[in-house]
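Protein chains in written order, with the numbering used here: chain A, 15 to 386; chain B, 15 to 386.
Glycine residues also receive a C-beta, built at the ideal position from the N, C-alpha and C atoms.
So, in structure tokens, the structure goes:
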């Protein structure tokens, strides 16, 4: 162990009677048996971590709250390992470098990464995705339009959905952080964009803010299939599916030959425990066969090597005013579990963010003083 | 109308007291309410048709009996118009030109087309797919390996399944007319071919005749998923799906990342009436999402402009001895409905054919003599 680390430890030992600098973390206490509940999480305090050689200390500013978190805490087969019990909840974050022993980062740098639900994190850079340039727009855009949501919308729609000018693109969770960008990219590409969302307020948001050609409130429609038919006079060529379930069943009744369905999320399908069979629904086989349609699972992580291409295009559209976004921000690390429930219930009115600490950038607080 | 036609008619009028030359047809009497039954069909007799200018008279030699016929007689949305009530059952056929007023066809020519369940048919060429050259192999191969079954296997596997050397390809109805060719092409392309079929005899046929690396009898396996797991140690990259239903549900549990599912048939999914919802089953969304897999409907008719390419390749493999086939032949036009039930029950032991008439090629029987 390098000498200064030992010195640091020695200093801490000497100062033993003073309150240690603390880190608050929200850790996963248990896996969901049925739905996700707040009591699966627990706020714990531990000593603030100290960066070693090649590491940085990051002060977490904002948390991104995402529907995918439901999968991250489940033990069921998934594309990423489940969050370990007792570990801080995995989360995309916007943070600020407070101390750096890493050549690529300096104190004050804003970083987009996966620092989790905590006040402070140490990183060797592996869980930092990129530095954020405030010149690109509001810094929180790094957590949605210019972050994973935007990259998901970009590659999911363009690489898997492959919309062609004049086609009809239907989007579920149309007002959501991903859906709203999908709809806007579809419009930029000359498609008819039709949104499915879950409240009258979100229908208005889809039409007035995000510019969908048509939008439906699936909770208010007695016959969603008929409403879709009316909203899509030329039927459906691309379906960006963030829900699965009954909403998608209705969409499958209106596919054009050669339609493409991008399976991006499954919020409309109930959770099941590990080893349990998936929930049942109408079999899609004949609809896919008759339309010679394609239904394809999409995971943005597969496309991260090309993330720069998407961010460049998205920030270009953002600067041109062709991409709009909405944020729904709550304050305080401790608000994170409730914010997640809000997202899973579809009750948020924009990209759900938790503002952990947005005091002006500056050096880390002195170590020997506990926060709060 | 050309003079000789009128003369012909005149001759028939003069011979009015003699029995008119007859055509037997099996027509569709009613649409299936639940499953397909023999009493949906009816044998009727009518005057043998007379070819007009630009038309040929075809004597039907063999009928191809195919699972897709279930869809053709249903009124539900489909990729081809339903067979009209009262019309001869639609069918691929091997026929012989008996008379020709068409510049491209001469008496004695063998033709692969869609002449339907009848002894005689008149055609302007639109429902003739190609002439059959006996030098290419047994002429009945035009109805399977070198016909729609082979073309289906070829494009479905290679264009939609896109197998790569060393991958594992699973085929349902593996001993069937399409499946057996899919398995053999998979082997030719250097893949591990695993067949799912419905009897011990067909398992043996898969292993001994068609050369599958492994084959399973889904009716005999208490745990099909576990059996598949054992037969596919490297999991599954391509699934050529002729069934849907519980067999396919089991396959979906073992997909490799990036797997491709070719939806070619839905024999494992019960029929429903028009407007009724499809049968339910486990939702595939999460399996497709986690594996980033693709499930795509495939209809061979979309690929017919390139049929020549497939037939050339398939007949090359056939001549090389790399493609084997099995036939299950019954005699007599009147046996067609029972043959269809046999296919839908999976009881056939090779490509199901009806031999309508295979008397040696020659001129049409004289008109004034009725057959039988």
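Close beta carbons around residue i, own chain, < 7 Å, minus the five adjacent residues each side
| i | result |
| --- | --- |
| residue 283 (chain A) | 258, 259 and 293 |
| residue 264 (chain B) | 238, 239 and 242 |
| residue 18 (chain A) | Unreliable positioning characterises residue 18 (chain A) in this predicted model, as indicated by a pLDDT of 43, which lies under 50. A coordinate reading is not provided. |
| residue 167 (chain B) | 192, 195, 196 and 199 |
| residue 266 (chain A) | 298 and 301 |
| residue 328 (chain B) | 159, 160, 164, 168 and 337 |
Neighbour list for residue i in chain D, Cβ cutoff strictly below 7 Å
| i | result |
| --- | --- |
| residue 316 (chain A) | The question asks about chain D, but that chain is absent: this structure's protein chains are A and B. |
C-beta contact flag for residue i and residue j at 9 Å
| i | j | result |
| --- | --- | --- |
| residue 72 (chain B) | residue 137 (chain B) | yes |
| residue 281 (chain A) | residue 309 (chain B) | no |
| residue 51 (chain B) | residue 355 (chain B) | yes |
| residue 127 (chain A) | residue 150 (chain A) | no |
| residue 317 (chain A) | residue 326 (chain A) | no |
| residue 112 (chain B) | residue 70 (chain B) | yes |
| residue 251 (chain B) | residue 272 (chain B) | yes |
| residue 84 (chain B) | residue 285 (chain B) | yes |
| residue 54 (chain B) | residue 45 (chain B) | yes |
| residue 275 (chain A) | residue 307 (chain A) | yes |
| residue 350 (chain A) | residue 94 (chain A) | no |
| residue 139 (chain A) | residue 116 (chain A) | yes |
| residue 165 (chain A) | residue 314 (chain A) | yes |
| residue 295 (chain B) | residue 289 (chain A) | no |
| residue 279 (chain A) | residue 81 (chain A) | yes |
| residue 367 (chain A) | residue 182 (chain A) | no |
| residue 362 (chain B) | residue 352 (chain B) | no |
Limits of the unbroken beta strand (DSSP E) element including residue i
| i | result |
| --- | --- |
| residue 338 (chain A) | Element bounds for residue 338 (chain A): n/a, residue is neither H nor E. |
| residue 273 (chain B) | 269 to 277 |
| residue 163 (chain B) | Where residue 163 (chain B) is concerned, there is no enclosing beta strand (DSSP E), although the alpha helix (DSSP H) it sits in stretches over 162 to 169. |
| residue 365 (chain B) | 365 to 369 |
| residue 310 (chain A) | 308 to 311 |
| residue 39 (chain B) | 36 to 42 |
| residue 70 (chain B) | 70 to 78 |
| residue 145 (chain A) | 142 to 145 |
Amino acids of chain A, ordered along the chain, whose beta-carbon sits closer than 7 Å to that of residue i
| i | result |
| --- | --- |
| residue 312 (chain B) | 306 |
| residue 172 (chain B) | The premise fails here: residue 172 (chain B) is roughly 16 Å from chain A at the closest Cβ pair, so nothing lies under 7 Å. |
6 Å CB neighbourhood of residue i in its chain, flanking five on each side removed
| i | result |
| --- | --- |
| residue 102 (chain B) | 39, 41, 130, 131 and 132 |
| residue 365 (chain B) | 158, 191 and 341 |
| residue 34 (chain B) | 61 |
| residue 203 (chain B) | 177 |
| residue 163 (chain B) | 191 and 192 |
| residue 375 (chain A) | Confidence is the limiting factor: at residue 375 (chain A) the pLDDT is only 46, short of 50, which leaves the residue's position unreliable, though a coordinate-based value still follows. Excluding residues within five positions, the ones whose Cβ falls inside 6 Å are 110 and 122. |
| residue 141 (chain B) | 127 and 128 |
Residue i: contacting residues in chain A (beta-carbon distance under 9 Å)
| i | result |
| --- | --- |
| residue 166 (chain B) | Ordered by position in chain A, no residue passes the 9 Å Cβ test against residue 166 (chain B), which lies about 12 Å from the chain. |
| residue 283 (chain B) | 297, 299 and 300 |
| residue 291 (chain B) | 263 and 296 |
CB contact below 9 Å: residue i versus chain B
| i | result |
| --- | --- |
| residue 220 (chain A) | no |
| residue 186 (chain A) | no |
| residue 255 (chain A) | yes |
Any C-beta of chain A under 9 Å from that of residue i
| i | result |
| --- | --- |
| residue 278 (chain B) | yes |
| residue 83 (chain B) | no |
| residue 152 (chain B) | no |
| residue 303 (chain B) | yes |
Own chain residues within Cβ distance below 8 Å of residue i, not counting five before or after
| i | result |
| --- | --- |
| residue 220 (chain B) | 188, 189, 194, 197, 209, 211, 226 and 229 |
| residue 311 (chain A) | 277 |
| residue 369 (chain B) | 75, 76, 343, 344, 345 and 346 |
Proximal chain B residues relative to residue i, where beta-carbon distance stays under 7 Å
| i | result |
| --- | --- |
| residue 294 (chain A) | 294, 295, 296 and 297 |
| residue 258 (chain A) | 297 and 299 |
Amino acids of chain B, ordered along the chain, whose beta-carbon sits closer than 9 Å to that of residue i
| i | result |
| --- | --- |
| residue 48 (chain A) | Result: empty, since nearest Cβ-Cβ is about 16 Å, beyond 9 Å. |
Alpha helix (DSSP H) segment containing residue i, residue limits
| i | result |
| --- | --- |
| residue 299 (chain A) | 299 to 305 |
| residue 201 (chain B) | 193 to 202 |
| residue 351 (chain A) | 350 to 358 |
| residue 261 (chain A) | 259 to 265 |
| residue 239 (chain B) | 238 to 245 |
| residue 222 (chain A) | 214 to 222 |
Under 8 Å from the C-beta of residue i: neighbouring residues of chain B
| i | result |
| --- | --- |
| residue 366 (chain A) | Within chain B, no residue comes near residue 366 (chain A); the closest Cβ sits about 21 Å away, beyond 8 Å. |
| residue 4 (chain A) | Lying before the first or after the last residue shown, residue 4 (chain A) is absent from chain A, which here runs from 15 to 386. |
Residue i Cβ short of 8 Å to the ligand HEM heavy atom set
| i | result |
| --- | --- |
| residue 51 (chain A) | Because no ligand of any kind appears in the structure shown, any question about the ligand HEM cannot be addressed here. |
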